[in-house]
Amino acid sequence: MPHLSLSNPILAQLNSGVLVIDDEYRIRYLNAFVERHANLALSDVIGQSIFNVFKDLPEAWLKRKLMSVLDLQSPAFSSWEQRQYIFKLPHLRPITSSSQYMAQNCTMMPLHTDKTEHQLICILIEDATDAFVYQQHLSRTLVELEKANRQDGLTKVLNRRYWEEQLKQELHRARRYQHSLSLILFDLDKFKDLNDKYGHLGGDFVLVELSSFISSLLRDSDLLGRYGGEEFGIILPETGLQGAVDVAERIRQAVADYPMLFNQQTIRATLSIGVAELDIKQHFLHEDVIRCADMALYNAKRTGRNRVCSFQAGNTEYHKKVN
Amino acid sequence: MSPLGFSIEQRDCLQEIINVAMGLASDKLARFLNTFVHLQVPSIALVGATAIPDEFEHRYQDAEATLVSQGFFGNEGVRGEAIVLYQMDNAHRISALLGYEPGDVSEIEMLTDISSILTTTFLNGLAAQIENSLSYSAPRVLSSRHSNVADVLKATSFHWEHALKVDISYQLIDHSFNCDMILLIPGEAVSNIKTILDRILEAY
C-alpha cells in the first residue's frame, strides 16, 4: 500500500524520538532522531537491552512505568517538569540553553501488532528544551520580581507595604505564642538641612549608607523597613522593651560615631529613636503599636534629638511633632 | 428527558457502560496493585460545565486539593478532558498504593501517575465497549496546594459546554482512597455519544 511506504521516510524526518522495545526491554526499533542524538546505529543495537545501550537510564523507575503500560495496556507519561530527561541526549541549542541535556516529554504506549508474540512498547521522546529554557527564565524573573516587590528601591531595605505586612504577621505570632514583640521607629535628625547642604544626592547617599550600616547591626530575625522619607522602622520579634531600648541605644551610638564620605566631604548624622513594646491588652492593630512608637519618637525629637525614648503606658506627656 | 437531551434509555445505557468500564478498570488495578479493590457503583450526572465549580467548591472548601487534567480523543468525534480531584490528605496513601519509596519521586509525579492510571484504564474500558479507541495527552496538574479548587475549575470548565460528573470511590484492603472524576465534554461530542448510544440500543 502506498501510504505504508511513507511511514519510514516520515519516521526518519520526524523531529521526535521513536523507540520500540519488547517486554524483555530489547530494542526492536529506533528512528533517525534517536540514532543521531545518541550517536548509534539501529543495526548495531537491535535486540540489545535498552539498559545496556543507554547506560544512564533510571532503571528501577522506568521498569515500573513500563510494567504499568503492559499490565494495564494504557499509556504512561513522564514530563520534563518532574524528570528533566529519561534519555541522556545532547540537544540542538548548546549555546543558548543553560541545560546540558535535552529536556524531554516522554510517552510510553502499548503497541498492538499481530506480527510478534512479544508485547511491544513504543517510547516517544519529545524535545522540550525550549519550554525548559523559558521556564528557567520565568523562574528567575519571578524571584527578581518578588524581591523588587518587597524592597525599597533606593535603600534596598523592606518597603513600607511589605514591612507593615510583616509587622501584622509578627503581631499575630506574638499573640498566639505569647511572645514579646517590640518596635523601633527612627528618624534622621534635620534631614532637610542635610539635603540643603549636600544636595538631594547627598541626602540619598546618607539614606542608602545608613540603611546598609544599620542592617549590619541587626539580628537576622529583625526586620528593617523604610516607613517614609527619612523615617524607618525595625520589628524586633521575641524582644521586650528593655532589650529593644538596648538595641536602639546601640544603633544611635553607632550611627553618631559613623562618618560617611561623600564627594570628599565627611557627613555625620544622628537619629531620634522611639521604642514601644506590644501590649496585647491595649494593642489590637499593628497601627496601635506604630502609634505608640511614633509618640516616643516625637518625644525624642522634642527633648533634643540624638536620643532614644521609649513609650510608657499611662504617660500622656507626648507632644506633637517637631522637626 | 434528562438534562442535555439524553433520553432515559440513553442515560441508562451510558450508566451501564460506565459501570462495566469501572469494573474493568478496578479489575486491572487490583491485578496491577496486587490488592483487592472494592468499587462502589459510580453515580453519574450530566450537567452544564458552568455548574461544575459550584458543585465542587463545597466539597473541597476546607481541604487542600489537587486537580489533574488529561485530554482524550478517539474516533467518531469522541473527545473531552478528564479531571481527577484529590484531597491532599490522600497523597501519602497514593504513594503507598503505587509502591513508591519515600523520596523516590515527587508528589506531582505520583499524582499524575495515579491520575493517568485511573483515567486511562477507565476510559479504555469505556472505549472498548463502544468499539472505539482513545489517545491521551500527558496528565497535567492544574492546581497546587495553595490554589482554590473552584477558581481552577472555573478557568478550565469555561472552555467546555457539558460535563459528565462521575463520582468514583475506590477502597483497597489496606487503604481507603477517594477521588472524584469529571469528564468535560464539548457539545458536539455529546451528540456523537448519543449517536453511539442509539446504535448500541438498537443492537439489543
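Chains as they are written, first to last, in this note's numbering: chain U, 849 to 1171; chain D, 24 to 227. By construction, the Cβ of each residue, glycine as well, lies at the ideal position given by its N, Cα and C atoms. Keep in mind that this is a model prediction, so the values were computed, not measured.
Using a Cβ-Cβ cut-off of 8 angstroms, state whether residue i counts as contacting chain D.
i	result
T955(U)	yes
Q921(U)	yes
V868(U)	no
Does the beta-carbon of residue i have 16 or more other beta-carbons within 10 angstroms, so that it is buried, or is it exposed?
i	result
L937(U)	buried
I75(D)	buried
R1074(U)	buried
D962(U)	exposed
A1144(U)	buried
S1060(U)	exposed
A951(U)	buried
G1047(U)	exposed
E1135(U)	exposed
G71(D)	exposed
E994(U)	exposed
E77(D)	In the sequence on display, residue 77(D) carries Asp and not Glu. D77(D) is exposed by the Cβ-count criterion.
Q33(D)	buried
Y83(D)	buried
T1151(U)	exposed
H1020(U)	exposed
Y159(D)	buried
R1100(U)	buried
K913(U)	buried
H939(U)	buried
V991(U)	exposed
K51(D)	buried
A996(U)	exposed
Y1146(U)	buried
K188(D)	buried
Should residue i be flagged as near chain U, meaning a C-beta pair shorter than 8 angstroms?
i	result
F55(D)	yes
P76(D)	no
A105(D)	no
Y159(D)	yes
S92(D)	no
S129(D)	yes
P162(D)	yes
K228(D)	The question about residue 228(D) has no answer, for chain D in this structure spans 24 to 227.
K51(D)	yes
Please confirm whether residue i and residue j have their CB atoms less than 8 angstroms apart.
i	j	result
H206(D)	A226(D)	The amino acid occupying residue 206(D) in the given sequence is Leu; His does not appear at that position. Not in contact: L206(D) and A226(D) (Cβ atoms no closer than 8 angstroms).
W183(D)	P209(D)	yes
A48(D)	G148(D)	yes
V172(D)	L56(D)	no
W928(U)	N900(U)	no
A13(D)	G97(D)	Residue 13(D) lies beyond the range of chain D shown here (24 to 227); nothing can be said about it.
I1083(U)	Q1014(U)	yes
N879(U)	L854(U)	no
A848(U)	F1159(U)	Because residue 848(U) is not part of the residues shown, which for chain U are 849 to 1171, the question remains open.
F1110(U)	F1053(U)	yes
S910(U)	I934(U)	The sequence shown places Leu at residue 910(U), not Ser. Against a cut-off of 8 angstroms, the Cβ pair of I934(U) and L910(U) comes out as a contact.
A1117(U)	L1036(U)	yes
S138(D)	Q93(D)	yes
G1051(U)	R1008(U)	no
S916(U)	I140(D)	yes
E99(D)	I219(D)	yes
V1137(U)	L1031(U)	yes
V60(D)	A53(D)	yes
E1018(U)	P1085(U)	yes
L176(D)	C36(D)	no
I1128(U)	F1034(U)	no
> Contact between the segment 1088-1097 of chain U and the segment 980-993 of chain U: three or more CB pairs below 8 angstroms?
Replying inline: No, the segment 1088-1097 of chain U does not touch the segment 980-993 of chain U.
> Got a sec: which bits of the segment 131-152 of chain D sit with their beta carbon under 8 angstroms from any beta carbon on chain U, in order along the chain?
Replying inline: Those would be I131, E132, T135, D136, S139, I140, T143, T144 and N147, in chain order.
>> Measuring CB atoms only, is the segment 877-891 of chain U touching the segment 995-1009 of chain U, in the sense that at least three cross pairs come out at less than 8 angstroms?
In response: A contact between stretches requires three or more CB pairs, one per stretch, nearer than 8 angstroms, and the segment 877-891 of chain U fails this requirement with the segment 995-1009 of chain U.
> Residues in the segment 967-989 of chain U with C-beta within 8 angstroms of chain D's C-beta atoms, listed in sequence order?
Replying inline: Against chain D - using a Cβ distance shorter than 8 angstroms - the segment 967-989 of chain U contributes no residues.
>> Along the segment 921-939 of chain U, where does the CB come closer than 9 angstroms to a CB of chain D? Name the residues.
In response: Within the segment 921-939 of chain U, the qualifying residues are Q921, S922, P923, A924, F925, S926, S927, E929, Q930 and R931.
> Listed from N- to C-terminal order along the chain, which residues in the segment 888-920 of chain U have their beta-carbon within a distance smaller than 9 angstroms of any beta-carbon of chain D?
Replying inline: Per Cβ criterion, the list reads A908, W909, R912, K913, M915, S916, D919 and L920.
>> When you compare the segment 973-981 of chain U with the segment 864-879 of chain U, are there three or more beta-carbon pairs, one atom per stretch, that lie closer than 8 angstroms?
In response: Output reads yes: the segment 864-879 of chain U touches the segment 973-981 of chain U.
> Are the segment 905-923 of chain U and the segment 104-111 of chain D in contact at 8 angstroms, needing three or more beta carbon pairs?
Replying inline: Because the criterion of three Cβ pairs below 8 angstroms is not met, the segment 905-923 of chain U and the segment 104-111 of chain D do not touch.
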